[in-house]
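Novice: Below is the structure I would like to discuss, written out as structure tokens.
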Amino acid sequence: MIEHDLNDWYRWLSDWEPTMSSGSPAGWCRTCDDRRFPDAAGIRDTDPHQVVHELIRRMTVIASELLEDLMDTEHGGLEAHDEPCRECALNANTAVVEALSDHAVFIRRALDLYVTPKVDAFVAEVTNCLNVCDTEDTDL
Ligand SMILES: [Zn+2]
Ligand SMILES: [Zn+2]
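In this text, residue positions in the sequence shown follow the numbering used here: the first is 973, and each later residue adds one.
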């Protein structure tokens, strides 16, 4: 189940291109600030938020699907209850954390392969452009 979503994310990564709004770590949203999934996946502070967010979003969907399954088997479905059982929620999250830990090496490899070179090239291009703009300014 998680393999399918990770493969999907790897494909998404290979098409991903950095932009100015890809996001610095300082701008991480609340979902990504919860470090349970990012830490298990071996995400670093230097990884672009956009890329991290796409992974965490997918993992959050898996966790809630797992929770639904657990509620079905353990408590006769979510509908019968006002709130999901805390123990089931914990179990669903733990299952995702463990699966992410198992795949952390591959996740890191994909980030190093697809994301880091594109970010480096992008930063070099922006720096280059800034230098050109600076030179033009001083020429005036
Ligand atoms: Zn986020
Ligand atoms: Zn339960």
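C-beta: ideal position from N, C-alpha, C; glycine also. Keep in mind the model is a prediction, meaning the values are calculated, not measured.
I need the DSSP call for residue 1026, collapsed to helix, strand or coil.
Specialist: Three-state DSSP puts residue 1026 in a helix.
Novice: Have a look at 1076, 977, 1039 and flag the residue whose alpha-carbon is nearest the alpha-carbon of residue 1058.
Specialist: Looking at the Cα atoms, 1039 is the closest of the given residues.
Novice: So, helix, strand or coil for residue 984, using DSSP?
Specialist: It is helical.
Novice: So what does DSSP say about residue 1080, is it helix, strand or coil?
Specialist: The answer is helix: DSSP assigns residue 1080 an H, G or I state.
Novice: For residue 1065, count neighbouring Cβ atoms within 10 angstroms of its own Cβ and tell me buried if that reaches 16, exposed if not.
Specialist: Answer is buried; the Cβ neighbour count reaches 16.
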